[in-house]
Amino acid sequence: MSQGKEDEKANDSTTLKIEVLGEERIKMNPLPPFTTDTMISEANKALRLSAHEVMALAQDLFELGLITYHRTDSTRVSSVGIEIAKEYLKKLKGDKWADYFVPRSWGEGGAHEAIRPTKPISKDELARLLEEGEIEFVRTPTSKHLSLYDLIFRRFVASQMRPAEYLVQKVRLKFGELSKEMEIQTDVIYEQGFMELYLPFKLDKPLPSGEFEISVVRSYKRRLVPLFTQGDIVALMRERGIGRPSTYATIISKLQSRKYVIESKRFGKLIPTELGINIFNYLSEKFSNMVSEERTRSLELKMDSVSEGKLKHSEVIAELYREIETLEGLEDYRK
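All letters in the sequence shown, in the order written, are residues 85 to 419 by the working numbering.
Listed below in C-alpha coordinates is the structure:
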(Lines of atoms letter the chains of each structure in order from A; the text may use other names.)
(Lines give C-alpha, C1' and ligand atoms only; values in the text may rest on other atoms or scores of the structure.)
Protein backbone atom coordinates (compact mmCIF):
# COMPACT_ATOMS: atom_id res chain seq x y z
CA MET A 85 0.00 0.00 0.00
CA SER A 86 1.32 3.40 -0.95
CA GLN A 87 0.81 6.15 1.60
CA GLY A 88 -0.08 9.56 0.26
CA LYS A 89 -0.10 12.92 2.00
CA GLU A 90 -1.34 12.92 5.56
CA ASP A 91 -4.23 15.28 6.24
CA GLU A 92 -4.60 16.25 9.88
CA LYS A 93 -7.79 17.85 11.16
CA ALA A 94 -6.68 18.57 14.69
CA ASN A 95 -9.43 21.06 15.41
CA ASP A 96 -12.35 18.86 14.31
CA SER A 97 -14.10 16.68 16.88
CA THR A 98 -15.75 13.60 15.39
CA THR A 99 -17.58 10.77 17.06
CA LEU A 100 -16.53 7.18 16.48
CA LYS A 101 -19.22 4.65 17.32
CA ILE A 102 -18.18 1.07 18.08
CA GLU A 103 -20.82 -1.64 18.14
CA VAL A 104 -19.83 -5.17 19.17
CA LEU A 105 -22.01 -7.43 17.00
CA GLY A 106 -20.84 -10.69 18.49
CA GLU A 107 -18.07 -12.60 20.22
CA GLU A 108 -16.93 -16.17 19.63
CA ARG A 109 -14.45 -18.46 21.29
CA ILE A 110 -12.31 -19.86 18.47
CA LYS A 111 -10.24 -23.03 18.59
CA MET A 112 -7.28 -22.88 16.20
CA ASN A 113 -4.84 -25.60 15.25
CA PRO A 114 -1.18 -24.69 14.70
CA LEU A 115 0.17 -24.04 11.23
CA PRO A 116 2.30 -26.73 9.57
CA PRO A 117 6.10 -26.42 9.58
CA PHE A 118 7.71 -24.23 6.95
CA THR A 119 8.03 -25.04 3.28
CA THR A 120 10.38 -22.89 1.21
CA ASP A 121 7.70 -20.42 0.16
CA THR A 122 6.17 -20.00 3.63
CA MET A 123 9.63 -19.61 5.18
CA ILE A 124 10.53 -16.85 2.71
CA SER A 125 7.17 -15.11 3.16
CA GLU A 126 7.27 -15.21 6.96
CA ALA A 127 10.95 -14.21 7.24
CA ASN A 128 10.35 -11.33 4.83
CA LYS A 129 7.44 -10.11 6.96
CA ALA A 130 8.81 -10.81 10.44
CA LEU A 131 12.55 -10.24 9.94
CA ARG A 132 12.52 -7.86 6.91
CA LEU A 133 14.86 -10.19 5.02
CA SER A 134 14.86 -10.41 1.23
CA ALA A 135 14.11 -13.73 -0.47
CA HIS A 136 17.77 -13.99 -1.46
CA GLU A 137 18.93 -13.34 2.12
CA VAL A 138 16.53 -15.93 3.53
CA MET A 139 17.74 -18.64 1.17
CA ALA A 140 21.41 -17.77 1.75
CA LEU A 141 20.96 -17.91 5.53
CA ALA A 142 18.97 -21.14 5.28
CA GLN A 143 21.72 -22.64 3.11
CA ASP A 144 24.24 -21.84 5.86
CA LEU A 145 22.00 -23.30 8.57
CA PHE A 146 21.60 -26.46 6.49
CA GLU A 147 25.34 -26.78 5.89
CA LEU A 148 25.96 -26.29 9.63
CA GLY A 149 23.61 -29.18 10.32
CA LEU A 150 21.07 -27.07 12.21
CA ILE A 151 18.07 -27.51 9.89
CA THR A 152 16.82 -29.98 7.31
CA TYR A 153 16.98 -29.29 3.56
CA HIS A 154 15.49 -25.88 2.88
CA ARG A 155 14.32 -26.32 -0.73
CA THR A 156 11.09 -28.20 -0.26
CA ASP A 157 7.37 -27.87 -0.88
CA SER A 158 6.50 -30.62 1.60
CA THR A 159 5.10 -30.17 5.11
CA ARG A 160 5.82 -33.80 6.02
CA VAL A 161 7.47 -34.49 9.38
CA SER A 162 9.31 -37.76 10.00
CA SER A 163 9.23 -39.76 13.23
CA VAL A 164 12.70 -38.33 13.94
CA GLY A 165 11.33 -34.81 13.65
CA ILE A 166 8.38 -35.55 15.90
CA GLU A 167 10.78 -36.93 18.51
CA ILE A 168 12.80 -33.69 18.41
CA ALA A 169 9.69 -31.65 19.27
CA LYS A 170 8.84 -34.13 22.02
CA GLU A 171 12.31 -33.89 23.57
CA TYR A 172 12.23 -30.09 23.53
CA LEU A 173 8.81 -29.96 25.20
CA LYS A 174 10.09 -32.35 27.87
CA LYS A 175 12.92 -29.89 28.58
CA LEU A 176 10.55 -26.93 28.50
CA LYS A 177 7.62 -28.34 30.50
CA GLY A 178 9.13 -31.13 32.57
CA ASP A 179 6.61 -33.68 33.86
CA LYS A 180 3.73 -31.78 32.21
CA TRP A 181 5.11 -32.13 28.66
CA ALA A 182 2.37 -34.56 27.62
CA ASP A 183 -0.25 -31.86 28.24
CA TYR A 184 1.31 -29.77 25.45
CA PHE A 185 2.46 -32.39 22.93
CA VAL A 186 0.26 -33.42 19.96
CA PRO A 187 2.34 -35.33 17.37
CA ARG A 188 1.47 -34.57 13.73
CA SER A 189 3.10 -35.89 10.56
CA TRP A 190 1.53 -33.15 8.39
CA GLY A 191 1.18 -35.29 5.27
CA GLU A 192 2.84 -38.13 3.45
CA GLY A 193 5.37 -38.53 0.67
CA GLY A 194 7.69 -36.00 -0.87
CA ALA A 195 11.41 -36.28 -1.46
CA HIS A 196 12.16 -34.00 1.48
CA GLU A 197 10.64 -33.18 4.83
CA ALA A 198 9.37 -29.82 5.92
CA ILE A 199 12.00 -27.33 7.06
CA ARG A 200 12.69 -28.13 10.71
CA PRO A 201 15.51 -28.10 13.28
CA THR A 202 17.70 -31.18 13.51
CA LYS A 203 18.16 -30.94 17.28
CA PRO A 204 15.89 -30.04 20.24
CA ILE A 205 17.86 -26.83 20.84
CA SER A 206 16.19 -23.42 20.94
CA LYS A 207 17.80 -20.21 19.71
CA ASP A 208 18.64 -19.10 23.27
CA GLU A 209 20.24 -22.43 24.13
CA LEU A 210 22.16 -22.44 20.85
CA ALA A 211 23.47 -18.92 21.53
CA ARG A 212 24.54 -19.97 25.03
CA LEU A 213 26.33 -23.09 23.78
CA LEU A 214 28.17 -21.00 21.19
CA GLU A 215 29.16 -18.35 23.73
CA GLU A 216 30.45 -20.94 26.21
CA GLY A 217 32.34 -22.81 23.50
CA GLU A 218 30.46 -26.05 24.07
CA ILE A 219 29.78 -26.33 20.35
CA GLU A 220 31.80 -24.98 17.44
CA PHE A 221 31.04 -24.55 13.77
CA VAL A 222 33.28 -23.97 10.78
CA ARG A 223 31.30 -20.74 10.34
CA THR A 224 29.98 -18.83 13.34
CA PRO A 225 26.26 -18.09 12.96
CA THR A 226 25.41 -14.38 12.88
CA SER A 227 22.45 -12.71 14.56
CA LYS A 228 20.53 -13.04 11.29
CA HIS A 229 21.25 -16.78 11.20
CA LEU A 230 19.98 -17.12 14.75
CA SER A 231 16.85 -15.06 14.04
CA LEU A 232 15.92 -17.26 11.07
CA TYR A 233 16.73 -20.40 13.05
CA ASP A 234 14.47 -19.14 15.86
CA LEU A 235 11.60 -18.63 13.41
CA ILE A 236 12.04 -22.14 11.97
CA PHE A 237 12.42 -23.72 15.40
CA ARG A 238 9.37 -22.09 16.99
CA ARG A 239 7.14 -22.72 13.96
CA PHE A 240 8.15 -26.40 13.95
CA VAL A 241 7.71 -27.09 17.68
CA ALA A 242 4.40 -25.19 17.63
CA SER A 243 3.22 -27.53 14.86
CA GLN A 244 3.48 -30.39 17.38
CA MET A 245 1.52 -28.66 20.16
CA ARG A 246 -2.07 -28.39 21.33
CA PRO A 247 -4.56 -26.05 19.64
CA ALA A 248 -5.08 -22.56 21.04
CA GLU A 249 -8.39 -20.98 22.01
CA TYR A 250 -8.99 -17.24 21.91
CA LEU A 251 -11.74 -14.65 21.55
CA VAL A 252 -12.77 -13.22 18.18
CA GLN A 253 -14.96 -10.12 18.06
CA LYS A 254 -17.15 -9.00 15.19
CA VAL A 255 -17.60 -5.24 15.37
CA ARG A 256 -19.11 -2.42 13.36
CA LEU A 257 -17.30 0.92 13.24
CA LYS A 258 -19.25 4.05 12.34
CA PHE A 259 -17.40 7.26 11.65
CA GLY A 260 -19.46 10.03 10.18
CA GLU A 261 -20.96 8.64 7.00
CA LEU A 262 -18.53 5.72 6.92
CA SER A 263 -19.43 2.29 8.27
CA LYS A 264 -17.32 -0.85 8.30
CA GLU A 265 -17.70 -4.32 9.80
CA MET A 266 -14.59 -6.25 10.77
CA GLU A 267 -13.32 -9.17 12.81
CA ILE A 268 -10.76 -8.65 15.56
CA GLN A 269 -8.45 -11.45 16.66
CA THR A 270 -8.18 -10.47 20.32
CA ASP A 271 -5.50 -11.18 22.90
CA VAL A 272 -8.09 -12.74 25.21
CA ILE A 273 -6.64 -16.26 25.27
CA TYR A 274 -8.44 -19.13 26.99
CA GLU A 275 -6.00 -21.90 26.06
CA GLN A 276 -2.54 -20.75 25.01
CA GLY A 277 -1.54 -24.02 23.34
CA PHE A 278 0.89 -23.54 20.47
CA MET A 279 0.61 -19.74 20.73
CA GLU A 280 3.01 -19.91 23.66
CA LEU A 281 5.76 -20.44 21.09
CA TYR A 282 4.43 -19.06 17.81
CA LEU A 283 1.86 -16.37 17.01
CA PRO A 284 0.68 -16.68 13.39
CA PHE A 285 -0.79 -13.17 13.44
CA LYS A 286 -0.98 -10.07 15.61
CA LEU A 287 -3.50 -10.13 18.44
CA ASP A 288 -5.28 -6.91 19.42
CA LYS A 289 -7.05 -5.67 22.51
CA PRO A 290 -10.83 -6.29 22.40
CA LEU A 291 -12.91 -3.21 21.61
CA PRO A 292 -15.64 -1.93 23.93
CA SER A 293 -19.04 -0.82 22.64
CA GLY A 294 -19.74 2.89 22.90
CA GLU A 295 -19.19 6.32 21.39
CA PHE A 296 -15.81 7.98 21.52
CA GLU A 297 -14.78 11.54 20.72
CA ILE A 298 -11.91 11.69 18.23
CA SER A 299 -9.93 14.92 18.34
CA VAL A 300 -7.44 14.14 15.55
CA VAL A 301 -8.37 12.60 12.20
CA ARG A 302 -5.75 11.50 9.70
CA SER A 303 -6.70 10.53 6.17
CA TYR A 304 -4.51 8.57 3.78
CA LYS A 305 -4.50 7.93 0.07
CA ARG A 306 -3.82 4.42 -1.17
CA ARG A 307 -3.28 2.76 -4.51
CA LEU A 308 -6.24 0.98 -6.07
CA VAL A 309 -3.83 -1.81 -7.06
CA PRO A 310 -1.70 -2.81 -4.05
CA LEU A 311 2.04 -3.29 -4.35
CA PHE A 312 3.62 -6.55 -3.19
CA THR A 313 6.48 -7.39 -0.87
CA GLN A 314 8.94 -10.13 -1.79
CA GLY A 315 7.09 -12.40 0.61
CA ASP A 316 3.77 -11.61 -1.10
CA ILE A 317 5.27 -12.44 -4.50
CA VAL A 318 6.61 -15.81 -3.34
CA ALA A 319 3.24 -16.70 -1.79
CA LEU A 320 1.48 -15.80 -5.06
CA MET A 321 3.98 -17.81 -7.10
CA ARG A 322 3.31 -20.89 -4.96
CA GLU A 323 -0.45 -20.33 -5.15
CA ARG A 324 -0.40 -20.02 -8.95
CA GLY A 325 2.06 -22.83 -9.59
CA ILE A 326 4.85 -20.58 -10.88
CA GLY A 327 8.40 -21.29 -9.80
CA ARG A 328 9.73 -23.96 -7.49
CA PRO A 329 11.46 -23.97 -4.07
CA SER A 330 14.82 -23.79 -5.81
CA THR A 331 13.85 -20.81 -7.99
CA TYR A 332 11.64 -18.46 -5.91
CA ALA A 333 14.49 -16.31 -4.60
CA THR A 334 16.42 -16.45 -7.89
CA ILE A 335 13.47 -15.13 -9.89
CA ILE A 336 13.05 -12.11 -7.60
CA SER A 337 16.82 -11.46 -7.56
CA LYS A 338 16.85 -11.46 -11.38
CA LEU A 339 14.03 -8.93 -11.52
CA GLN A 340 16.02 -6.66 -9.21
CA SER A 341 19.45 -7.13 -10.80
CA ARG A 342 18.04 -6.36 -14.26
CA LYS A 343 16.33 -3.24 -12.89
CA TYR A 344 12.83 -4.47 -13.78
CA VAL A 345 11.71 -3.68 -10.22
CA ILE A 346 13.06 -1.70 -7.29
CA GLU A 347 12.23 -2.17 -3.62
CA SER A 348 11.00 0.72 -1.48
CA LYS A 349 13.15 1.01 1.63
CA ARG A 350 10.34 2.27 3.83
CA PHE A 351 7.64 -0.30 3.13
CA GLY A 352 9.57 -3.11 1.43
CA LYS A 353 7.24 -3.05 -1.60
CA LEU A 354 8.41 -4.01 -5.09
CA ILE A 355 7.79 -1.24 -7.63
CA PRO A 356 7.97 -1.93 -11.38
CA THR A 357 10.35 0.36 -13.27
CA GLU A 358 9.71 1.92 -16.67
CA LEU A 359 12.20 -0.57 -18.14
CA GLY A 360 10.37 -3.51 -16.57
CA ILE A 361 6.97 -2.27 -17.74
CA ASN A 362 8.22 -1.70 -21.30
CA ILE A 363 9.78 -5.16 -21.52
CA PHE A 364 6.65 -6.78 -20.11
CA ASN A 365 4.44 -4.93 -22.60
CA TYR A 366 6.72 -5.84 -25.51
CA LEU A 367 6.88 -9.54 -24.66
CA SER A 368 3.15 -9.70 -23.96
CA GLU A 369 2.41 -8.09 -27.33
CA LYS A 370 4.88 -10.11 -29.41
CA PHE A 371 5.01 -13.49 -27.64
CA SER A 372 1.97 -13.63 -25.37
CA ASN A 373 1.55 -17.40 -25.69
CA MET A 374 5.13 -17.97 -24.50
CA VAL A 375 5.22 -15.67 -21.46
CA SER A 376 1.79 -16.15 -19.90
CA GLU A 377 1.23 -17.57 -16.43
CA GLU A 378 -0.48 -20.61 -17.93
CA ARG A 379 2.47 -21.26 -20.24
CA THR A 380 4.95 -21.04 -17.37
CA ARG A 381 2.82 -23.31 -15.20
CA SER A 382 2.47 -25.87 -18.01
CA LEU A 383 6.21 -25.93 -18.68
CA GLU A 384 7.06 -26.41 -15.02
CA LEU A 385 4.60 -29.30 -14.76
CA LYS A 386 6.43 -30.91 -17.68
CA MET A 387 9.73 -30.36 -15.88
CA ASP A 388 8.24 -32.10 -12.84
CA SER A 389 7.22 -35.00 -15.08
CA VAL A 390 10.80 -35.22 -16.37
CA SER A 391 12.17 -35.37 -12.82
CA GLU A 392 9.64 -38.10 -11.99
CA GLY A 393 10.61 -40.14 -15.05
CA LYS A 394 7.23 -39.71 -16.74
CA LEU A 395 8.65 -37.68 -19.65
CA LYS A 396 12.00 -37.64 -21.43
CA HIS A 397 13.82 -34.32 -21.25
CA SER A 398 14.74 -34.62 -24.94
CA GLU A 399 11.05 -34.70 -25.87
CA VAL A 400 10.29 -31.54 -23.90
CA ILE A 401 13.29 -29.71 -25.40
CA ALA A 402 12.35 -30.81 -28.92
CA GLU A 403 8.79 -29.58 -28.42
CA LEU A 404 10.02 -26.21 -27.16
CA TYR A 405 12.45 -25.89 -30.05
CA ARG A 406 9.69 -26.52 -32.60
CA GLU A 407 7.48 -23.89 -30.96
CA ILE A 408 10.26 -21.31 -30.89
CA GLU A 409 11.09 -21.96 -34.55
CA THR A 410 7.51 -21.13 -35.55
CA LEU A 411 7.30 -17.89 -33.59
CA GLU A 412 6.70 -14.75 -35.60
CA GLY A 413 8.81 -11.72 -34.86
CA LEU A 414 12.13 -13.53 -34.35
CA GLU A 415 13.51 -12.83 -37.81
CA ASP A 416 15.77 -10.03 -36.58
CA TYR A 417 17.23 -12.28 -33.89
CA ARG A 418 17.96 -15.12 -36.33
CA LYS A 419 20.05 -12.97 -38.64
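Even glycine gets a Cβ: it sits at the ideal position worked out from N, Cα and C.
C-beta contact flag for residue i and residue j at 8 Å
{"i": "I298", "j": "L100", "result": "yes"}
{"i": "Y250", "j": "V222", "result": "no"}
{"i": "V252", "j": "M266", "result": "no"}
{"i": "A135", "j": "A333", "result": "yes"}
{"i": "F312", "j": "K353", "result": "yes"}
{"i": "Q244", "j": "R188", "result": "yes"}
{"i": "P117", "j": "R200", "result": "yes"}
{"i": "V301", "j": "T119", "result": "no"}
{"i": "I151", "j": "V138", "result": "no"}
{"i": "L232", "j": "L287", "result": "no"}
As assigned by DSSP and simplified to three states, the class of residue i
{"i": "V345", "result": "strand"}
{"i": "Y184", "result": "coil"}
{"i": "L251", "result": "strand"}
{"i": "T98", "result": "strand"}
{"i": "T270", "result": "strand"}
{"i": "K289", "result": "coil"}
{"i": "E216", "result": "coil"}
{"i": "G178", "result": "helix"}
{"i": "S104", "result": "Sequence check: residue 104 is Val here, not Ser. Strand at V104."}
{"i": "M85", "result": "Bear in mind that a pLDDT of 39 at M85, under 50, signals an unreliable position, so the model cannot answer this."}
{"i": "K353", "result": "strand"}
{"i": "E192", "result": "coil"}
{"i": "K207", "result": "helix"}
{"i": "K394", "result": "coil"}
Reference residue i; option with closest CA among the options
{"i": "G420", "options": "K111, I110, E126", "result": "The question about residue 420 has no answer, for the chain in this structure spans 85 to 419."}
{"i": "A195", "options": "L176, S162, A211", "result": "S162"}
{"i": "A319", "options": "I408, F118, T122, S389", "result": "T122"}
{"i": "I110", "options": "L257, S231, G277", "result": "G277"}
{"i": "T357", "options": "A198, T159, S341, K180", "result": "S341"}
{"i": "T224", "options": "G149, A248, W181", "result": "G149"}
{"i": "M387", "options": "K289, V300, G325, A242", "result": "G325"}
{"i": "V104", "options": "S382, K305, S293", "result": "S293"}
{"i": "L141", "options": "T226, K174, K180", "result": "T226"}
{"i": "P204", "options": "E220, D157, V241", "result": "V241"}
Buried or exposed (CB count within 10 angstroms, at least 16 for buried), residue i
{"i": "E399", "result": "exposed"}
{"i": "E261", "result": "exposed"}
{"i": "S263", "result": "exposed"}
{"i": "Y172", "result": "buried"}
{"i": "E197", "result": "buried"}
{"i": "A169", "result": "buried"}
{"i": "F237", "result": "buried"}
Any non-hydrogen atom of the ligand FAD closer than 7 Å to residue i Cβ
{"i": "D316", "result": "The ligand FAD is not among the ligands present in this structure, which contains no ligands whatsoever."}
Legend entry - Uninterrupted alpha helix (DSSP H) stretches inside the segment 293–345 (no shorter than 4 residues): Qualifying alpha helix (DSSP H) stretches, in chain order: 314–324, 332–341.
Inset, instruction - Could you pull out every unbroken alpha helix (DSSP H) segment of at least 4 residues lying fully inside the segment 141–172, listed in chain order? - result: none
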